[in-house]
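In order, the protein sequence lines correspond to chains A and B. Quick note: the first sequence, position 55, residue 55 per the numbering used here, numbers continuous. Quick note: the second sequence, position 106, residue 1106 per the numbering used here, numbers continuous. The beta carbon of each residue, even a glycine, is placed where N, CA and C say it ideally should be. These figures come from a predicted structure and were not determined experimentally.
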Amino acid sequence: QKEVEQDPGPLSVPEGAIVSLNCTYSNSAFQYFMWYRQYSRKGPELLMYTYSSGNKEDGRFTAQVDKSSKYISLFIRDSQPSDSATYLCAMSGGGNNRLAFGKGNQVVVIP
Amino acid sequence: GAVVSQHPSRVICKSGTSVKIECRSLDFQATTMFWYRQFPKQSLMLMATSNEGSKATYEQGVEKDKFLINHASLTLSTLTVTSAHPEDSSFYICSAPTGTGDEKLFFGSGTQLSVL
């Protein structure tokens, strides 16, 4: 079993729809959870960051962490064509910045 | 967020040549930087950890003589792909933590290497 599982998609949604992405993980020591957005042939950009369990909201983006289920989610409300990108989940147990990444989920928002 | 600058963004070279990629932290000091490789539609694969003032730590299966890493200052790490071959063609990305203990990594814009 891989440390982090993420369905690679692709996921196509119409503009304005809610995008729902998730990752599962196996390492109960993970405490730091991140979502990165990566446009084609660009470096990943940190989108959301959560420490331990809970929800975090930033504009149209909401990140949720459920440590009891080892499950994290990213929601994008009122999706825009500019949200079309690959979204990677990443997590760490802390102490060395060695993040475990999901495979990435390609999202396409259709105008 | 913190800014990591990576150059060049694209390199096309002949087989057998060496290519150097630079990674700079612009507004913070980075004692550690990470180098990743990414194939199309795949996730990031950690190649090595670059440590300022000491030898890099390579992941299993990564040839240290092929991928030379130098971290000469607190803001600059370089990756040199020596005697590049077509199978080395890939997207290379560097990243750096800010050192604040929050485990966040900030990435460079990546370098697309194409070896002919």
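Could you tell me which residues DSSP pairs with residue i in its beta bridges?
i: proline 14(A); result: Ile110(A)
i: methionine 48(A); result: Trp35(A)
i: proline 1008(B); result: Proline 1008(B) is not bridged to any residue.
i: glycine 54(A); result: Val65(A)
i: glutamine 1106(B); result: The sequence given here has phenylalanine at residue 1106(B), not glutamine. DSSP output for phenylalanine 1106(B) lists Ala1096(B) as bridge partner(s).
i: valine 19(A); result: Ile76(A)
Leaving aside the five residues before and after residue i along the sequence, list all residues of the same chain whose C-beta is less than 7 Å from its C-beta, in chain order.
i: tyrosine 71(A); result: Asn22 and Thr24
i: aspartate 1027(B); result: Ala1002 and Val1003
i: threonine 1119(B); result: The structure shown does not extend to residue 1119(B), since chain B spans only 1001 to 1116, so no value can be given for it.
i: arginine 98(A); result: Ser92
i: alanine 1048(B); result: Trp1035, Ala1056, Thr1057, Tyr1058, Glu1059, Val1062, Phe1067 and Ile1069
i: glycine 94(A); result: Gln31 and Tyr32
i: phenylalanine 1039(B); result: Ser1090
Report all residues from its chain with a CB closer than 6 Å to the CB of residue i; omit the five preceding and five following residues, and keep chain order.
i: asparagine 55(A); result: Gln64
i: cysteine 1094(B); result: Gln1006, Cys1023, Met1033, Trp1035 and Gly1108
i: lysine 42(A); result: none
i: proline 1097(B); result: Leu1105
i: lysine 67(A); result: Ser53
Would residue i and residue j be called neighbours here (beta carbons separated by less than 9 Å)?
i: phenylalanine 1106(B); j: leucine 74(A); result: no
i: valine 109(A); j: alanine 17(A); result: yes
i: glutamate 1119(B); j: methionine 1045(B); result: Absent from the structure is residue 1119(B), since the part of chain B shown begins at 1001 and ends at 1116.
i: valine 1115(B); j: serine 1015(B); result: yes
i: isoleucine 1021(B); j: tyrosine 1092(B); result: yes
i: tyrosine 36(A); j: cysteine 89(A); result: yes
i: threonine 50(A); j: phenylalanine 33(A); result: yes
i: arginine 1010(B); j: glutamine 1112(B); result: yes
Less than 8 Å between C-beta atoms, sequence neighbours within five positions excluded: which residues of the same chain meet that for residue i?
i: threonine 1082(B); result: Ser1018, Asp1065, Lys1066, Phe1067 and Leu1068
i: proline 81(A); result: Glu15, Val109, Ile110 and Pro111
Segments of 4+ residues assigned as alpha helix (DSSP H) that fall wholly inside the stretch 1014-1045 of chain B
Whole alpha helix (DSSP H) segments, 4+ residues: zero.
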